[in-house]
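Down below is the structure, laid out as structure tokens.
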Amino acid sequence: MEGKGVLFKVFADIDVYDICLDAPKPGQLVSIVEAMEPTFGGINLEDIKAPECFAIEDALKAVMKIPVFHDDQHGTAIISGAALLNACEVTGRKLEDVRVVIVGAGAAGIACGRFYVDLGVRRENICMFDSRGLIYEGRANVDRYKQFFAQKENLGTLADCMKGADLFLGLSKANLVTKEMVKSMAPNPILFAMANPVPEISYEDAKEAVPSCIMGTGRSDYPNQINNVSGFPYIFRGALDVEATAINDEMKIAAAYALAELAKEPVPEDVCAAYNVEKLEFGPDYILPKPLDPRILTWVTPAVAKAAMDSGVATRPIDDLEAYAASLKARIEASQARIKPFVDDYYKV
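In my numbering, the protein residues as written are 10 to 358.
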């Protein structure tokens, strides 16, 4: 958690206190976190497994007047949602027509599925798999959160459901998907294989199976890295600056669309140099801004702040969003200047 705190500070100049709690019961955790509200501007929950994470977050949001955000859920959903928006644009798809296969029905998998529905994907077009197989009506061991995605009947194995699918989303374990499965998908398939460090299918195997596929992973050494750091620092910065009482669906959707739009802008030379490439252009191998792109701050943060104001959860509205964006850039530059001497001294030792 110390590392997460560093990311908040470096990318968005947010001061973070990493508090690890010995609270094994959901009600106990809710009570402790609720009591912290007078001290903090927002709460970022981490490492809480499903299904408890859903109940805990819902309970806290119901009683607290500051943002409560479980990044394991919503961060993955927002960044992969932005990638989905652009992958559909590149391949000429409409969200309402997209057929999705999700493997991994934990916190991230369920949150991603729900977010895709918010973006326009039809719930009945999502096949979700947990460790026991496809989730369908009448199957045993299906909690109410998974039940939201239950198919009317058992449609078969992962290989069966991959046939004709537009998007595969993997949040499970390595090497679950074969080349044959990729070949059986719809033309120009989209694969977000995010098991780390080894994805559900390798970039090389996916591209060999269908060269026109759009492939994203959680890794920085391949195109289209889906990384939560492109979301949570900027979402919290925007929420804190308007003193929002929550991070709601409108703010999450605004973040995804802002991130997607930034990928269509010309990429500065210094960003390309950081990734040792000559250029980056919107297309199959560049559907998301690189996580180290400093422009994310001035694109996503104002969009989140505006969505908070438009949806009525901001208690301290910002009148001039353009001036606000400029102030964000100046703020980060000043913050990094303050930190630099300490970093330099560390490397001298």
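Glycine included, C-beta positions come from ideal geometry on N, C-alpha and C.
Nothing here was measured: the structure is a model prediction, and the numbers come from that model.
Straight-line gap, Ala385 to Ala195 (C-alpha atoms, nearest Å): Any question about residue 385 goes unanswered here, given that the chain covers just 10 to 358.
Within the segment 113 to 186, ranges of the alpha helix (DSSP H) (whole runs, at least 4 residues): Considered as a whole, the segment 113 to 186 harbours 116 to 128, 153 to 156 and 167 to 171 as its complete alpha helix (DSSP H) runs of no fewer than 4 residues, in chain order.
Start and end residues, alpha helix (DSSP H) containing Asn53: DSSP places Asn53 outside any alpha helix (DSSP H); the residue lies instead in the beta strand (DSSP E), whose first and last residues are Ile52 to Leu54.
Extent of the continuous beta strand (DSSP E) to which Ala202 belongs: Start and end: Ile199 to Ala202.
Assigned secondary structure, Val251 (DSSP; H/G/I helix, E/B strand, else coil): For Val251, the three-state secondary structure derived from DSSP is coil.
Three-state secondary structure (DSSP) of Thr226: If DSSP states are grouped into helix, strand and coil, Thr226 belongs with the strands.
Bridge partner(s) assigned by DSSP for Val110: DSSP lists Cys136 and Phe177 as partners of Val110.
Residues near Val42 by beta carbon distance below 7 Å, same chain, minus five either side: Residues Ile52 and Leu69 of the same chain have their beta carbon placed closer than 7 Å to that of Val42, with the five preceding and five following residues left out of the count.
Cα-Cα separation between Thr307 and Ala59, rounded to whole angstroms: Between Thr307 and Ala59, the alpha-carbon positions lie close to 33 Å from each other.
Of the residues Ala269, Glu331, Ala317 and Thr324, the one placed nearest Ile88, counting alpha carbons only: When only C-alpha atoms are compared, the closest one is Ala269.
Of the listed residues Tyr26, Lys13, Glu98 and Val39, nearest to Lys273 (C-alpha basis): Lys273 has its Cα closest to that of Glu98, out of Tyr26, Lys13, Glu98 and Val39.
Cross-strand partners of Ala323 (DSSP beta bridge): Ala323 pairs with Ala253.
Length at least 4, wholly inside the segment 268 to 342: the alpha helix (DSSP H) runs in chain order: Taking 4 residues as the shortest admissible run, the segment 268 to 342 contains the following complete alpha helix (DSSP H) segments, listed from N- to C-terminal end: 278 to 283 and 304 to 319.
Straight-line gap, Phe49 to Val286 (C-alpha atoms, nearest Å): Spanning the two alpha carbons is a distance of roughly 41 Å.
Where Asn184 falls, given that 16 or more other Cβ within 10 Å makes a residue buried: Residue environment: Asn184 is assigned as exposed (fewer than 16 neighbouring CB atoms within 10 Å of its CB, all protein chains considered).
Whole-Å CB distance - Arg304 paired with Leu271, under 8 Å assumed: Going by Cβ atoms, the distance from Arg304 to Leu271 rounds to 6 Å, so yes, they are a contact pair.
Integer Cβ distance of Asp27 from Ser344, believed to fall under 8 Å: Their Cβ separation, rounded to whole angstroms, is 18 Å, which puts Asp27 and Ser344 out of contact at 8 Å.
Secondary structure, alpha helix (DSSP H): runs of 4+ residues fully inside the segment 25 to 83: Positions of the alpha helix (DSSP H) runs, each at least 4 residues long and wholly inside the segment 25 to 83, are given as 35 to 44 and 61 to 72 in order along the chain.
Cβ-Cβ separation, Pro311 to Gly4 (assumed contact under 8 Å), whole Å: Absent from the structure is residue 4, since the part of the chain shown begins at 10 and ends at 358.
Closest residue to Ala264 among Glu290, Asn237 and Val280 (Cα-Cα distance): Residue Asn237 is the option with its Cα nearest to Ala264.
Touching by the beta-carbon criterion (3+ pairs, under 8 Å), the segment 81 to 95 and the segment 122 to 132: When Cβ pairs closer than 8 Å are counted between the two stretches, the segment 81 to 95 is seen to touch the segment 122 to 132, the count reaching three or more.
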